[in-house]
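The structure appears right after this line, and notes come after that.
Numbering (my numbering), first residue to last: 15 to 331.
Structural data, given as structure tokens:
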């Protein structure tokens, strides 16, 4: 009862705070979390944010059954969804690494852990129903699964120690070392996976004018690191208008462009390059480079270019 009492008070306080603050800034009555929950679940429109591929024919009735069980109207089913098990075969293995394998071992070894483990699994299963899937949606299940993984690691340690003294400790150290190594590699890959943010840095480094600057940001850049926080010059006009064709009269009005590398040929006569921004291409292994055989390859992803007329006008003034 004490837990329920404090939980209810915290919920009421949180709701009052979030509704008051967000309603003030959005200038309408708004509960943001509730609105998102309603849009994604009851209205079942999460697929509007993006999906992977069409439902295979052999899975059609499976998805219809799943949506029926959670009382989502069939008429609101989308023709396209992400794979139902995507979290289990892609997201969780990449996020948890060896902990993903250890967590069911912990649940099997200890009855007390099973409730924690299955709470995390059920949480992920519920989110798997939504067509649109992102890793951040299920991040709240990670601590639960990691607890089960820790118990699984203890189980392995005790079993290994029975075979050979200190073998259990060596096993734990080896698993943690492998996890840390893989995490380090993925961190390096992620570092090269946001060329949009680097393009904005290059733009501000090359362009010193304070006035008359207008920047159009392409879709790839907007998805890979460009945010309002990177708009450092308050006097500049930053635009992310979509569906502008290369060489279109409207896009030629901007003084600067951040474009995809493949589009450069369309602007060679009207613009000059300020910077070429590389991004992640692939991961290769070269055993001749031991003890660090992994090579992260990059290739040009974005160009920061300047309208020739803008520079000419700046010189004339």
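Think of the CB as a built atom: it goes at the ideal place given N, C-alpha and C, for glycine as much as any other residue.
Predicted model only: the values in this text are computed from it and were never measured.
Taking Cβ positions, are residue 276 and residue 226 nearer each other than 8 Å?
Residue numbering aside, residue 276 sits at position 262 when the chain shown is read from its first letter. Residue numbering aside, residue 226 sits at position 212 when the chain shown is read from its first letter. Not closer than 8 Å, so no.
Entirely within the stretch 245-313 and at least 3 residues each: give me those beta strand (DSSP E) ranges in chain order.
Here the runs fully enclosed are 251-253, 270-274 and 285-299.
Residue 322 to residue 284 span [Cα, whole Å]
Residue numbering aside, residue 322 sits at position 308 when the chain shown is read from its first letter. Residue numbering aside, residue 284 sits at position 270 when the chain shown is read from its first letter. Residue 322 and residue 284: Cα-Cα distance of roughly 6 Å.
C-alpha distance - residue 167 paired with residue 118, whole-angstrom precision:
Residue 167 sits at position 153 when you count from the first residue of the chain shown. Residue 118 sits at position 104 when you count from the first residue of the chain shown. For residue 167 and residue 118, the gap between their C-alpha atoms comes out near 11 Å.
Quick one: what's got a C-beta closer than 8 Å to residue 150's C-beta in the same chain, skipping five residues either side?
Working through the chain shown from its first residue, we reach residue 150 at position 136. Within the same chain, residue 150 has no close Cβ partners at all.
Inspect the beta-carbon positions of residue 99 and residue 216 and report whether they are closer than 8 Å.
Residue numbering aside, residue 99 sits at position 85 when the chain shown is read from its first letter. Residue numbering aside, residue 216 sits at position 202 when the chain shown is read from its first letter. 8 Å or more divides the Cβ of residue 99 from the Cβ of residue 216.
Closer than 8 Å is the cut-off here; do at least three beta carbon pairs connect the stretch 298-317 with the stretch 193-209?
Per the Cβ contact rule, the stretch 298-317 is in contact with the stretch 193-209 (3 or more Cβ pairs under 8 Å).
Name the DSSP beta bridge partners of residue 230, please?
Against the chain shown, residue 230 aligns to sequence position 216. Answer is 253 and 271, bridged to residue 230.
Using a Cβ-Cβ cut-off of 7 Å (strictly less than) and excluding sequence neighbours within five positions of residue 233, which residues of its own chain qualify?
On the chain shown, position 219 is the one that residue 233 refers to. Closer than 7 Å at Cβ, skipping near neighbours: 256.
Just checking: is the beta-carbon of residue 320 within a distance shorter than 8 Å of some beta-carbon in chain D?
No chain D appears in this structure, which consists of one protein chain only.
According to DSSP, is residue 184 helix, strand or coil?
Taking the first residue of the chain shown as 1, we reach residue 184 at position 170. Collapsing the DSSP output to three states places residue 184 in a helix.
Give the C-beta separation of residue 310 and residue 203 to the nearest angstrom, bearing in mind that I take them to be a contact with Cβ-Cβ under 8 Å.
Sequence index remark: in the chain shown, residue 310 carries index 296 (1-based). Sequence index remark: in the chain shown, residue 203 carries index 189 (1-based). Here residue 310 really is in contact with residue 203; their C-beta atoms are around 6 Å apart, less than 8 Å.
Distance between residue 102 and residue 41 (C-alpha atoms, nearest Å):
On the chain shown, position 27 is the one that residue 41 refers to. On the chain shown, position 88 is the one that residue 102 refers to. Each residue's Cα considered, the two are about 40 Å apart.
Residue 47, enclosing alpha helix (DSSP H) - first and last residue:
Residue numbering aside, residue 47 sits at position 33 when the chain shown is read from its first letter. DSSP places residue 47 inside the alpha helix (DSSP H), whose first and last residues are 46-51.
May I ask you to verify whether the stretch 104-121 touches the stretch 140-156, counting CB pairs closer than 8 Å and requiring at least 3?
Counting C-beta pairs with one atom in each stretch, the stretch 104-121 and the stretch 140-156 have three or more that are closer than 8 Å, which means they touch.
Just list the alpha helix (DSSP H) runs in the stretch 107-142, keeping only unbroken ones of 4 residues or longer that don't cross its boundaries, in chain order.
Whole alpha helix (DSSP H) segments, 4+ residues: 112-123 and 125-142.
Boundaries of the alpha helix (DSSP H) in which residue 41 is found, first to last residue:
Counting from 1 along the chain shown, the entry for residue 41 is found at position 27. Taken as a continuous stretch (DSSP letters only), residue 41 belongs to no alpha helix (DSSP H), as it is neither H nor E.
Between which two residues does the alpha helix (DSSP H) containing residue 214 stretch?
Start at 1 with the first residue of the chain shown, and residue 214 comes out as number 200. For residue 214, the enclosing alpha helix (DSSP H) stretches over residues 209-220.
With DSSP as the reference, please indicate the residues paired to residue 319 in a beta bridge.
Sequence index remark: in the chain shown, residue 319 carries index 305 (1-based). Per DSSP, 271 and 287.
Between 201, 220, 312 and 248, which lies nearest to residue 272 when the distance is taken from Cα to Cα?
Sequence index remark: in the chain shown, residue 272 carries index 258 (1-based). Nearest C-alpha to residue 272 among 201, 220, 312 and 248: 220.
Residue 123 versus residue 165: straight-line alpha-carbon distance, rounded
Locating residue 123 in the chain shown gives position 109, where the first residue counts as 1. Locating residue 165 in the chain shown gives position 151, where the first residue counts as 1. Counting only the Cα atoms, residue 165 lies some 8 Å from residue 123.
Buried or exposed: where does residue 21 fall if 16 or more other Cβ atoms within 10 Å of its Cβ makes it buried?
Within the chain shown, numbered from 1, the residue matching residue 21 stands at position 7. So residue 21 ends up on the exposed side.
Tell me where the alpha helix (DSSP H) around residue 169 begins and ends.
Stepping through the chain shown from its first residue, residue 169 is reached at position 155. In the DSSP annotation of this structure, the continuous segment of the alpha helix (DSSP H) that includes residue 169 starts and ends at 156-177.
On the premise that residue 161 lies in contact with residue 189, defined as a C-beta separation below 8 Å, what is that separation, rounded to the nearest angstrom?
For the purposes of this step, residue 189 is taken as residue 175 along the chain shown, with counting starting at 1. For the purposes of this step, residue 161 is taken as residue 147 along the chain shown, with counting starting at 1. Approximately 16 Å separates the beta-carbon atoms of residue 189 and residue 161; this is outside 8 Å, ruling out the contact.
Note down, in chain order, each residue of its chain lying with its Cβ closer than 8 Å to the Cβ of residue 265, except the 5 sequence neighbours on either side.
The count along the chain shown starts at 1 and reaches residue 265 at position 251. The answer, listed in chain order, is 230, 258, 259 and 271.
Can you tell which of 253, 56, 248 and 249 has its C-alpha closest to the C-alpha of residue 240?
The residue labelled residue 240 in the question sits at position 226 within the chain shown. Sorting 253, 56, 248 and 249 by C-alpha distance to the C-alpha of residue 240 places 253 at the top.
Could you check the C-alpha separation between residue 116 and residue 177 for me, to the nearest Å?
By one-based count along the chain shown, residue 116 stands at place 102. By one-based count along the chain shown, residue 177 stands at place 163. Taking the CA atoms as reference points, residue 116 sits about 19 Å from residue 177.
Own chain partners of residue 43 with C-beta closer than 6 Å, once the 5 adjacent residues on each side are dropped
Within the chain shown, the letter at position 29 stands for residue 43. For residue 43, where only same-chain residues beyond five positions count, the Cβ hits under 6 Å are 37.
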